[in-house]
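Comments concern the structure below.
This is how it looks when you write it as structure tokens:
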């Protein structure tokens, strides 16, 4: 029995036993290698579920909409390790009750989806712990290092060019499970903090603000990077923020549901080498 | 003959320490560079990174953020939270190419009038030598000159 069959059966069992009211998973997309989220409410619909190496989107964001979990019933969701970390963050930020989330965990390795045992976010703690000790992506680090080697002027020019492409579609915000604010800072117009037109200054500000709000929260699922229609390398800026949180505060986003958000806590001996 | 470049510096300070320190510098008749525009806030914890971006947007050449020394916060922990925020924000600005030298952070207590005057002079000199932050101000000019936006 392949993993897809196994997970379809599990989803069917969860639904028919009444353990969950909804399964959020992947279904066929518009092309053969695309997957789109599907929302399954009864056991006989579970044949629509697909699970393979193309299931890369982080579905945890679908847990957040208002009212979904307010009835106290549980929801099952297909998640890769990054998604499990997102659930931990959402729980730490009081956006979801982790007890109401049943995780159908899997990982993609060598072009194949493989099952991850566990049901609750806490079951995956050893896995996340090992991810933390492995550290952040070395590939991204190499890309970021290239930028860090440039002079500030060149780096500004680089991002200037990247951000000048931005059309302010906010796809990055829409796709991000961490962007759940009901009123985003860019939608605030009294005062208007961020220029909303898609001129380069406004784009610059928007992308800086978004990266800052994701500092210590981004799990590098790559959703924004894939969603961006003009291919701004958002992964790099997010990676740089994750690195800062890890290096300065030993904060690996989404370690557990009890982890305090990095900017909502402090230690008295936090580094402060730059303060005059 | 062209005028020498006078940098515009915005200082976001907390009212309990740095602002009082600036006051002390004033009442002690210390002279310091007049390039700094002080914005007084209740606490460094109130200083949102948006303020720094806004200052740059409006043409600042440098920004100074200053508050109570760790442990001295009127609200007990505001400056500790602010410190974390600055650590992250500073890394972000640097990564996007906004020079670290233009964004300064400091702790100045109410008793450190002399330190305040010294710091303002030092920062002003440093930013004067860096010159205007043209790269950023250029972006604002584009908006002002192009009616299509």
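Protein chains in written order, with our numbering: chain A, 47 to 322; chain B, 103 to 251. Even glycine gets a Cβ: it sits at the ideal position worked out from N, Cα and C.
Item: Leaving out five residues on either side along the sequence, give the residues of the same chain with a beta carbon under 8 angstroms from the beta carbon of residue 276 of chain A.; Value: 211, 212, 213
Item: What residues from chain B crowd round residue 152 of chain A, counting only those whose CB sits closer than 7 angstroms?; Value: None at all; the shortest Cβ gap to chain B is about 32 angstroms.
Item: Output yes if chain A places a C-beta closer than 8 angstroms to the C-beta of residue 198 of chain B; else output no.; Value: yes
Item: Got a sec? Which residues, its chain only, sit under 6 angstroms from residue 137 of chain A by beta carbon, not counting five neighbours each side?; Value: 144, 303
Item: For residue 239 of chain A and chain B, any beta-carbon pair shorter than 8 angstroms?; Value: yes
Item: What does DSSP give as the partner residue(s) for residue 323 of chain A in the beta ladder?; Value: In the structure as shown, chain A begins at 47 and stops at 322. Residue 323 of chain A is therefore absent and cannot be evaluated.
Item: Look up residue 124 of chain A in the DSSP assignment and give the residues it is bridged to.; Value: A:150
Item: Between the segment 82 to 97 of chain A and the segment 50 to 62 of chain A, are three or more C-beta pairs nearer than 8 angstroms?; Value: yes
Item: What's the C-alpha gap between residue 218 of chain A and residue 132 of chain B?; Value: 50 angstroms
Item: Could you name each continuous alpha helix (DSSP H) segment of 4 residues or more that falls completely within the segment 171 to 214 of chain B, going from the start of the chain to the end?; Value: 180 to 197
Item: With distances taken from CA atoms, which of A:141, A:111, A:164, A:286 is nearest residue 183 of chain A?; Value: A:286
Item: Can you tell which of A:175, A:280, A:162, A:257 has its C-alpha closest to the C-alpha of residue 305 of chain A?; Value: A:175
Item: For residue 117 of chain A, count neighbouring C-beta atoms within 10 Å of its own C-beta (all shown protein chains included) and say buried if the count is 16 or more, exposed if not.; Value: exposed
Item: With a threshold of 6 angstroms on Cβ separation, who are the neighbours of residue 294 of chain A within its own chain once the five nearest residues in sequence on each side are excluded?; Value: 317
Item: Under 7 angstroms between beta-carbons, which chain A residues line up against residue 132 of chain B? List them in chain order, please.; Value: Simply none; closest approach about 18 angstroms.
Item: Does any residue of chain A have a CB that is nearer than 8 angstroms to the CB of residue 206 of chain B?; Value: yes
Item: Kindly say whether residue 204 of chain A, judged by its beta-carbon, lies nearer than 8 angstroms to any beta-carbon of chain B.; Value: yes
Item: Closest to residue 99 of chain A by C-alpha separation, out of A:78, A:190, A:109, would be which residue?; Value: A:78
Item: Can you give the Cα-Cα distance for residue 170 of chain A and residue 301 of chain A, rounded to whole angstroms?; Value: 10 angstroms
Item: Determine which residues of the segment 127 to 159 of chain B have a Cβ less than 8 angstroms from any Cβ of chain A, and write them out in chain order.; Value: 151, 152, 155, 156, 159
Item: Tell me which residue opens and which closes the beta strand (DSSP E) that residue 83 of chain A is part of.; Value: 81 to 86
Item: Between the segment 142 to 157 of chain A and the segment 116 to 131 of chain A, can you find at least three pairs of beta-carbon atoms closer than 8 angstroms?; Value: yes
Item: Alpha carbon to alpha carbon, how far is residue 234 of chain B from residue 203 of chain A? Give it in angstroms, no decimals.; Value: 16 angstroms
Item: Against chain B, does residue 314 of chain A count as a neighbour if the rule is that its beta carbon must be under 8 angstroms from one of theirs?; Value: yes
Item: Restricting to Cα atoms, I'd like to know which of B:237, B:245, B:232, B:211 is closest to residue 123 of chain B.; Value: B:211
Item: According to the Cβ coordinates, are residue 105 of chain A and residue 70 of chain A closer than 8 angstroms?; Value: yes
Item: Give the residues of chain B in contact with residue 286 of chain A, contact being defined as C-beta atoms less than 8 angstroms apart.; Value: 193, 194, 197
Item: Would you mind giving the Cβ-Cβ distance between residue 189 of chain A and residue 282 of chain A, rounded to the nearest angstrom? I have them listed as a contact below 8 angstroms.; Value: 6 angstroms
Item: Taking contact to mean 3 or more Cβ pairs, one atom from each stretch, closer than 8 angstroms, check whether the segment 308 to 315 of chain A and the segment 218 to 230 of chain B are in contact.; Value: no
Item: DSSP three-state label for residue 89 of chain A, please.; Value: helix
Item: Exposed or buried, what is residue 141 of chain B when buried is set at 16 or more other beta-carbons lying within 10 Å of its beta-carbon?; Value: exposed
Item: In whole angstroms, what separates the C-alpha of residue 80 of chain A from that of residue 280 of chain A?; Value: 21 angstroms
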